[in-house]
Every structure is written in structure tokens, then in C-alpha cells.
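In what follows, a single structure is set out as C-alpha cells and then discussed.
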Amino acid sequence: MKTKVLLLFIFALIFSMYQETPAQKKRAKTTKTQTIEVKVTPPEINFTVSMPKPWTHLLEVEMKIDWAQMPDKTELKMPVWTPGSYLVREYARHVQDFAVKNASGNNLNWQKTNKNTWTVETKGAKTITASYKVYSNELTVRTNELNDEHAFFTPAALLFFIKDQLKTPSTVKVTPYKNWKVATGLPKVAGQENTFRAESFDILYDSPFEVSDYKEVNFTVQGKPHRYIFSGEGNYDMNKIATDTAKIIEECYKIFGELPYNDYTFIVNLRGGGGLEHLNSTALQWSRFGFKPQSRHNDFLGLVAHEYFHLWNVKRIRPDALGPFDYENENYTKLLWVAEGATSYYESVLLRRAGIIGDKEMLNGKAGMFQQLQNRPGRFETSLEEASFDAWIKYYRPDENAVNNQISYYDKGDIVNMMLDLTIRSSSNGAKSLDDVFRYLYAEFYKKDKNYTPEDFQKVAEMMAGRSLDDFFTKYVRGTEEIDYDALLNPFGLRLAVDESGLNRAYIGADLAEQNGNLTIRSIPSDTPAYEQGLNTGDQIVAVDGYRANQQFLSSYLNEKRPGDKINLTLFRFDKLREVEFTLGKNIRKGYGIVEIENPTDAQKRLYEDYTKAELK
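Its first residue numbered 193, the sequence shown is counted upward by one per residue in our numbering.
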């Protein structure tokens, strides 16, 4: 009996070892639940953009969303900025007449939950259509304009996205006014008129649209189709521009070895000025009659070269924070001096390599930039990295004191990238250049889907130079030390020429402009007579020593004076007339040029020729 009981006990014990307790069963169930993958079906998004009444400046948008997993509360958002233009622009401020319906046409409730978010109560609907209008009466490359001549729109300033769905594809159908045509870099949807597809919102927001009765010229480079879209009349020569642009594209191809797109579109609007880069297109603005003489044609090509070079530098070779983008907040980086400054540097370099300008023209342009920087007190206050980081609050919002406490990451960035190129070339005895830096970044970062950091950029530059460049970056990138131009120019048989002929001239020291017939002080650099003697920006100078003041008269009058002479200024300040006795000072502004040294060595001649594609004379 005892043996039987013992056997039963042992059997029960073994059986219990293979049974799950309630807690174990719960844990197992939880574990199994956690491993189940829930397939998320992305929404289908289709936009329609219409412009039935261009004179109202209202672009009309419908956003249709089909989504099997539509949230009960679906958040529709408008970007607050657009990549390439580093300022929060609050595009949502132009939205009006927002409404949303379900598939049956019934209105759905919604509310504005923050400055750029419309939250829709979908009530189980799987299809909703949001409609709204956007006031569009500002022609820049980063905004929208609609009038009786054309429609230009930047998708980031016009089209909503769904929260957490930036990777979702979408289509855009444009309903043009009358017989207008539609141009964009997006590919067409087969069989659907004026309908285009974007594989993600990053691509959608990177593809501007021009809708008008535009003129078009097509050309091919390296087997890839390119086209210019000109909206409006002007003194441009489309064929000449296309021919010269093809030369610029060829020079970029020589640097990178490929054209990383299927096609490319240049959109040109003939008002204003400036450009904005995109993956396979660019939006440009230029004066209607600003293409002649030849120098103005070349200036336009400089803008073209800048925006085109961006398709590598920025659009694919991406600084740390610039992509994927947060469209609702600032995206801070210290690398705009590379993103924009290096691109500015390559403007004239590409024109020179393409044979559009000469070597002296290229160098004279750089010397002019030296002069602007050297006459700007702000060069001692702000470094390139600081200017890059603070672009969101400073670059697009300069005030009258900007000359004293800021520098441009475009302009000084251009100069420092030139100096970096010269340093790499001289350090490597001509074997490497800044081209090699960008080639490496393209191959090792863009091709491997990585963004680069400030440390990465310095490391790659040092790799090409074959030595440490920490002193260079400490002084000129992270610091505010004066640039030693001669030390960097000398290996190329060049030196900085300083013109001091104007130093003994009488000098007020304020930057003046004639506005509406009034001679007005625009800014006052520090350490000038105007700064020290209390003149104010905004002062309107009415008379000098009793004579009516204008720009031409003042220049002639001061030529007869000496530093230390006194003059009487009659001016309006805050609409109150004032008389100011003013002591003229000594002009401290110098002129700068780049000239050849005497008796250059063979090594200097070789480096100069390799750099400028010309010989030292």
C-alpha cells in the first residue's frame, strides 16, 4: 500500500512539472501577443489643386484620403517651413475655408488643435475629403503666387500631410486656368492628364509647380533630358542659356561621375531674384530684362550653377540635421557654411571651368567678397558655425545692427571654402582638392544613406590634405580670427592687394540710401564717425551746410573736405527736424584685389594653372 501511494505521489509531481500555472499561462499569452505583427496599411492620398478665379489669389485644394485604418481623430498638418530656406514661415496663416466630408458628402466635425494642425473626427469613415483655400499672392521661391499671369506653388506651402505619414505616396492633379500648362519635376501618372505622383512627402515637398502659358526649351546632357520653363517675356535667349547650362552640367558630371536623376527642370519666373534647390528641379527668379549685357547673362548663370550644384551638396550630400526633415520645427545645423557657402564658392568655379568666364573675372569676384567681409565689423563677433546655427533667427531677419554682429554663411562661407580648397591643393601638392572632399562625401555618405557631421567634414578635408587642418577650422570655421589671405594665396603665385588710396578722404561712416527722394541712413558700422557721434539708422538727411542733400551731392561735397572738418547736418529723426554739428572722420574702408606675385616659381605656376585652368602671366 505504501509503495502504491508513493508511486502515485511521484506521478503527480512529475505531471505538475509539465503543467502551466495561471500566471505562467498569462505570461505566455502576453508573450505570444507581443510577437504578433499588426500590418499597417498606409493611406491613399490624392490632391487636386484648382485655380478657377486667379484674380482672387486663392488656390483651391482638395485632399482625398482613403484609409482602411483611418484613426477616429485624424490630424492634418501644414508644414511651417520648406527645406532650403531656414526660417519658420507659418504657411498655415494663409489657409481659409477649411471643411471636411465623408464619402457620403456629410460634413465631419473638426477643430484646430495647434497653429498648423486640423484634427478631424472621422466617426468611422474610411474615406474623407478635406477642402481648403490658400491665399497665394507672394512670389518667392519658397511661397505661392496666383494671378492672371500664372500660378507658382511650393507644395510645402500648400499641401497638408497626415501625422506620422510622411513616407506615404500621393498624387497631385492640377486643374489649370484656361489653357495653362503644368510643369514640375514630379513624374506624370500614365493616362491621367496633369496628374503627378510623389513617392513620399519629402519628394512632394521638394517639387515646385509652375502653371502658365510658359515657354520651354529642351536639351540633353549625358543622355538625360533637361528643360527650361520661362514664364513671361524678357530679353533672355533661351537657346543660349540652355547651351551654357549644358556646359555647367558637364563640369558637375566631371566631379561626381554621374547625374543622379532621370530628368531635370529649371523653372524661371521673371520677377524678383533668387533660387531654391530641389532633387531634380530648381525654382529661379530673375529680372525680366536682366539678361543683357553679357555680364548679366553670366550673373544669371551663376545663380543656375549655384542651385544646380545643390542637387549634390545638400539634396544628397546632407548635413547632420537636414533630412529626414521635421516640417513643424527648426532643423538646426552648424554646417550651412558648407551647404550654402561651398555651393556659392562653386558658382564661379563652375563658370570658369565651363569657359563662360575668365580666370581674372573669377578671382576679381572673390576679391570683391573679401572686401565686403573685411569692411564688416560683425566678422569679429560671429563664427561660421554660429551663423549657420542661428540662421533660423538671424539670416532672414537682419536689422540695422546686423553689420556689426553678424556675418553671412553664404559670403564668408564662400571665402572660407575657397581658402580650404587652396589649402587642400597646396598641402597635397595639387593631387587633391575640394572636389575630392565632395566626391568622398557623395560616395561614403549619400550612397550609404548617411548624413555627415561637422567632425566628418573636417576629417574628410584632412584626409584629402594629408595633414591636420585643426588650426584652419579653429580659426576660420569655429572662430573669428582674421583670415591670413596671403599665406593661403601665395602657393598659387597670388597675393592680396590692398588699396588704401581712399583712407585720407573725409568720411561720415553711415551706409546711405535714397528712398522716395529722401537720403536715409540705412545702417551704421561700429568704429565710424557716425557711430561715435550719435547718428541713428532711419535719420533722413535733408541738407548739408544748408544745401539740399542727395547721394550725388554729398559725395561731391565731401570730396572737397578733409578729416577733422566740421559740417552741419539738417535731418529728420522721428519726424522732428534737428540740426547736428558733425566732425568728419577718416575713411577706414579699403579696397581689395587678388594679383599675381612677381617671379612665380614653377610649382606656383602649376598650382595656379590647375586651379584656374589658365596660366600665370
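For each residue, glycine too, the CB sits at the ideal point set by N, CA and C.
- When the alpha-carbon of N454 is set against those of L495, L503, I421, the nearest one is in L503.
- CA-to-CA, the gap between T574 and T729 works out to about 22 Å.
- Rounded to whole angstroms, the Cβ separation of A534 and N609 is 4 Å, and the two are in contact under 8 Å.
- Taking 3 residues as the minimum length, the beta strand (DSSP E) runs contained wholly in the stretch 681-754 are 686-691, 703-707, 710-715, 732-736, in order along the chain.
- If you compare the alpha carbons of G465, G515, S479, D491 with that of L471, the shortest gap goes to G515.
- A residue is called buried when at least 16 other Cβ atoms come within 10 angstroms of its Cβ; W273 meets this threshold and is buried.
- In this structure, DSSP gives I607 a helical state, which the three-state scheme calls helix.
- In summary, G570 is buried, with 16 or more beta-carbon neighbours lying within 10 Å of its beta-carbon over all protein chains present.
- In this structure, I459 is the residue among D429, F448, F393, I459 with its C-alpha nearest to the C-alpha of Y406.
- For I789, there is no enclosing alpha helix (DSSP H), as DSSP gives it neither H nor E.
- Taking a contact as a CB-CB distance under 8 Å, the pair E469 and K269 does not count as one, their CB atoms being some 24 Å apart.
- Per DSSP, reduced to three states, the secondary structure at T332 is coil, with no helix or strand assignment.
- Closest option to E801, judged by alpha-carbon separation, among F684, E391, A317, G377: F684.
- Around the CB of G276, 16 or more other CB atoms lie within 10 Å, so the residue is classed as buried.
- Counting C-beta pairs closer than 8 Å gives fewer than three between the stretch 792-806 and the stretch 740-759, which falls short of the contact rule.
- Secondary structure remark: continuous beta strand (DSSP E) runs of at least 3 residues inside the stretch 557-593: none found.
- Judged by DSSP in its simplified three-state form, K651 adopts helix.
- Rounded to whole angstroms, R480 and L350 show a C-alpha spacing of 26 Å.
- Our two residues, E673 and L614, have alpha carbons roughly 18 Å apart in a direct line.
- Boundaries of the alpha helix (DSSP H) around G533: 533-545.
- Two segments are said to touch when three or more pairs of C-beta atoms, one from each, lie closer than 8 Å; by this definition the stretch 709-719 touches the stretch 587-600.
- Per DSSP, the continuous alpha helix (DSSP H) segment holding D491 begins and ends at 486-501.
- Secondary structure of H470 (DSSP, three-state): coil.
- The C-beta distance from L776 to Y699 rounds to 6 Å, short enough to meet the 8 Å contact threshold.
- In terms of Cα proximity to E647, the closest of V232, L462, L527 is L527.
- A Cβ-Cβ contact shorter than 8 Å links L727 with A702.
- Cβ contact annotation for E692 (same chain, cutoff 6 Å, sequence separation greater than five): K782, in chain order.
- Distances from the CA of P244 to each of T367, P271, E254 were compared; the closest alpha carbon is that of T367.
- In this structure L250 touches K325 by the C-beta definition: roughly 4 Å separates them, less than 8 Å.
- Straight-line measurement puts the Cα of F290 at about 19 Å from the Cα of N329.
- Within the same chain, and ignoring the five residues on either side of N308 in sequence, the residues whose Cβ sits closer than 8 Å to its Cβ are K269, M270, P271, V272, E282, Y283, A284, E520.
- By the neighbour-count criterion, in which a residue is buried when 16 or more other Cβ atoms sit within 10 angstroms of its Cβ, P485 is exposed.
- With respect to I440, A531 sits apart: the two C-beta atoms are not nearer than 8 Å.
- Taking 8 Å as the cut-off, the beta carbon of L769 is found no closer than this to the beta carbon of N742.
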